[in-house]
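Same order as they appear, the protein sequences are chains D and H. Here the first sequence stands for residues 251 to 622, where the numbers follow my numbering. Here the second sequence stands for residues 251 to 622, where the numbers follow my numbering. We put the beta carbon where it would ideally sit given N, CA and C, even for glycine.
2 protein chains.
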Amino acid sequence: MHSFMPPDRLLLGPGPSPVPPRVLAALARPTIGHLDPLFIAMMDEVKDLLREAFRTGHALTLPVSAPGSAGMETAFVNLIEPGDTVIVCRNGVFGGRMRENVVRIGAQAVMVDDPFGRPVDPDKVEAALRAHPGAKALAFVHAETSTGVASDARTLCRLAREHGALSIVDAVTSLGGSPLEVDGWGIDAVYSGSQKCLSAPPGLSPVSFSDTAVAAIRARRTPVQSWFLDLTLVMGYWQGSGARAYHHTAPINMLYALHEALLMLREEGLEAAWARHRANHLRLCEGLEALGLTLPVDPAVRLPQLNAVAVPDGVDEAAVRRSLLDRHGIEIGAGLGELAGKIWRIGLMGHGSTPGNVDRVVAAFGDVLGRG
Amino acid sequence: MHSFMPPDRLLLGPGPSPVPPRVLAALARPTIGHLDPLFIAMMDEVKDLLREAFRTGHALTLPVSAPGSAGMETAFVNLIEPGDTVIVCRNGVFGGRMRENVVRIGAQAVMVDDPFGRPVDPDKVEAALRAHPGAKALAFVHAETSTGVASDARTLCRLAREHGALSIVDAVTSLGGSPLEVDGWGIDAVYSGSQKCLSAPPGLSPVSFSDTAVAAIRARRTPVQSWFLDLTLVMGYWQGSGARAYHHTAPINMLYALHEALLMLREEGLEAAWARHRANHLRLCEGLEALGLTLPVDPAVRLPQLNAVAVPDGVDEAAVRRSLLDRHGIEIGAGLGELAGKIWRIGLMGHGSTPGNVDRVVAAFGDVLGRG
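Structure, rendered in structure tokens:
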């Protein structure tokens, strides 16, 4: 057994995205203590940088010490209590995962289903909110990583607010890659991942909670079922002007990397990053269509950072992915759930969203499909 | 705001421990995908290396994608169901945290208390097991990081087995630093951390479950309350000979680092590492006692990797720690819980356990206390 030397890969799947050398260098800096005063100061910078990326002034904005799935669970276990009703929108795999979270809390999930590959329908959501007037929250995925579809988060959050429900928004794939306005849209709870459009390694989940959400947490009748994810405890470490209370040992080096990735995003400018993702997405669509491939999602709701491509009839989708990996060193994603075998997923996320990468993956598709 | 450049620190606290350059170099290798066939092969090596470190043949042995607190929660939420009774030993802060886990599941925690600074008393445990014949599990901390005390895990696990209870063992600080025999002692569920005696960065929690524990998970009447930590789902990604099912995005780079740290442990040899920790511990005791300092824990149960030192009367413990950090670049730990202000904690963990580091911290104490 030897030291692991990863192969040379271009990561154009649904995440992780390519991590730039600057972020890898930050990751490898010497580990210091999680209560070191200089580390605490860096944590404060991470919170400020996250607020910029989320476009929010929420005091409770921090990275959860685990991947995006734990960020999702943080939102649900802190805001929802046994017996609550939650309207859950499902137009892809991650809406189904939200349902799992609700059910395991002992709460009721009212499902609003739309076909995989279509956005959440606000009319159905409004009907569900009307039919369940005491619903505690409306939960939906802003950027469905499993299908490449954006939903209208602004409208959905407005509907939640009008009906007195908290909004819980999955922004795992949107943060840093396409417009996301946490304060502008009135999002109460949002979670994301480090390894998508931020291009840090996987393992952290940035989250942000509104004051309304914090009030709901403080008004709970029951303890949060997870000790590790209990925000009333996590806040004692991440917030406050004086000494921070030890809760769990923070993932020090991963936080160095996230700090650096967020600094790079600030240097580029958030809106410039959104525009870059959009331009490279259009270049990809053009290139793939020139090969005769079809992008099944309506152009009006396509995510620039995650592109669904229809597998042509008679083509072995897994064999194509394998050839892209083995012959071209390019990783793309398979379909998930009911779209398995029907689509490929090409991610142009964060540092991976460049014209050169677009040209490389289009050329590789041409080669593998014999359509060059 | 600039890139974060950590200060030069010698980490001799309760963890994180100093991460060797080889591990930092592994951490910074290019990120690849969590479903990449070469990454899956590396995961299999990590499992094998963890089995060696834990001294177990347990099939279900893997690192949880979050810090040790999440490893603790993984053990409890998978094995314990609402209404179960768990005997929880508390002789330090982490026994109290175990209780929190049990209570939040809706199970009953029967506490066996011993003073902070003393090991768990097997006679009290036996009495508790007799008094609660249907107890699902006995939970205790093998190496109490908050006090520097080792408990007799072999005897406690035997008692659990004799009374038909599963054993849940916190080995966060023991793994890699002092004898731990998961199979030899018949431990059913054990969890640890990456940042103690393995000297990888913080953020992962190695766990191992016996076949008896796995059978208990499979026989559950209720779903595991955490989706993220549900081992029946996590296993689909970490186990199996064929394709691995996506559950959550693994913390790729952190797993490179853990792989390298475990490889270094294998190269040294587990028993050689235990002997090194013991020798440097004895050197530290000698040096501190020569300065007139007292180590309050009974020598028979002292942990070599975590040394409690009594704060002398009239000495400002926080000022001493601050001087060690500012003047000598050495981080040590404060007392936790009821020992706050009463003890310092000096960790000699993993890569930090060297004669040179012992001499450096003893000399620094001499300087700061004016006893040089």
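Item	Value
Expected contact under 8 Å - CB spacing of G486 of chain H and P266 of chain D to nearest Å	With 8 Å as the limit, G486 of chain H and P266 of chain D do not qualify as a contact, their Cβ atoms being about 20 Å apart.
Which of helix, strand or coil DSSP assigns to L479 of chain H	coil
Cβ of T281 of chain H within 8 Å of any chain D Cβ	yes
V612 of chain H, DSSP secondary structure in three states	helix
Rounded C-alpha distance that separates G321 of chain H from S396 of chain H	17 Å
CB of L543 of chain D within 8 Å of CB of V559 of chain D, strictly	yes
Other residues of its chain near R577 of chain H: CB distance less than 8 Å, five sequence neighbours each side excluded	A614, D617, V618
Closest by C-alpha distance to M504 of chain D, when choosing among H:Q445, H:L310, H:A389	H:Q445
Contact under 8 Å by Cβ, V337 of chain D with A400 of chain D	Before going further, note that residue 337 of chain D is Ile rather than Val in the sequence given. Against a cut-off of 8 Å, the Cβ pair of A400 of chain D and I337 of chain D comes out as no contact.
Buried or exposed (CB count within 10 angstroms, at least 16 for buried), V608 of chain D	buried
Cβ shell of V474 of chain D (< 6 Å), same chain only, five flanking positions each side left out	V327, N328, D480
Classification of G434 of chain H by the beta-carbon crowding that lies within 10 angstroms, buried from 16 upward	exposed
Chain H residues whose Cβ lies nearer than 9 Å to that of S319 of chain D	S315, W477, F478, H497, H498, T499
Per-residue burial, R468 of chain H [other beta carbons within 10 Å of its own, 16 or more giving buried]	exposed
is_contact[A275 of chain H, chain D] using C-beta, thresh 8 Å	yes
CB contact check: A558 of chain D to chain H, cutoff 8 Å	no
Status (buried if at least 16 other CB within 10 Å, exposed otherwise) for H601 of chain D	buried
Minimum Cβ-Cβ distance from F254 of chain H to chain D less than 8 Å	yes
Helix, strand or coil at F366 of chain D according to DSSP, with G and I counted as helix	coil
Which residues DSSP lists as bridging S417 of chain H, in chain order	H:L388
Under 8 Å between C-beta atoms of I593 of chain D and P549 of chain D	no
Continuous beta strand (DSSP E) stretch holding L212 of chain D: start and end	Missing from the structure shown is residue 212 of chain D; chain D here goes from 251 to 622 and no further.
The segment 450 to 462 of chain H contacting the segment 293 to 303 of chain H, beta-carbon criterion three pairs below 8 Å	yes
Residue span of the beta strand (DSSP E) that contains R595 of chain H, given as start and end	593 to 597
Extent of the continuous beta strand (DSSP E) to which F459 of chain H belongs	455 to 459
CA-to-CA distance, V570 of chain D to G564 of chain D, given in whole angstroms	12 Å
DSSP beta-bridge partners of N557 of chain D	D:I596
Proximal residues to V314 of chain D (C-beta, below 6 Å), its chain only, five neighbours per side dropped	A320, G321, T324, S455, V457
C-alpha gap between L534 of chain D and R470 of chain D, whole angstroms	48 Å
Extent of the continuous beta strand (DSSP E) to which L310 of chain D belongs	310 to 314
Cutoff 8 Å: R259 of chain D Cβ touching any chain H Cβ	yes
Nearest-angstrom Cα separation, counted from A466 of chain H out to D334 of chain H	12 Å
Test: P270 of chain H CB closer than 8 Å to a CB of chain D	no
Supposed close pair D207 of chain D, T472 of chain D - CB separation, criterion 8 Å	In the structure displayed, chain D extends from 251 to 622; residue 207 of chain D sits before or after that span and is not available.
Among D:V422, D:R259, D:S253, the one whose alpha carbon lies nearest that of G398 of chain D	D:V422
Opening and closing residue of the alpha helix (DSSP H) in which C535 of chain D lies	520 to 540
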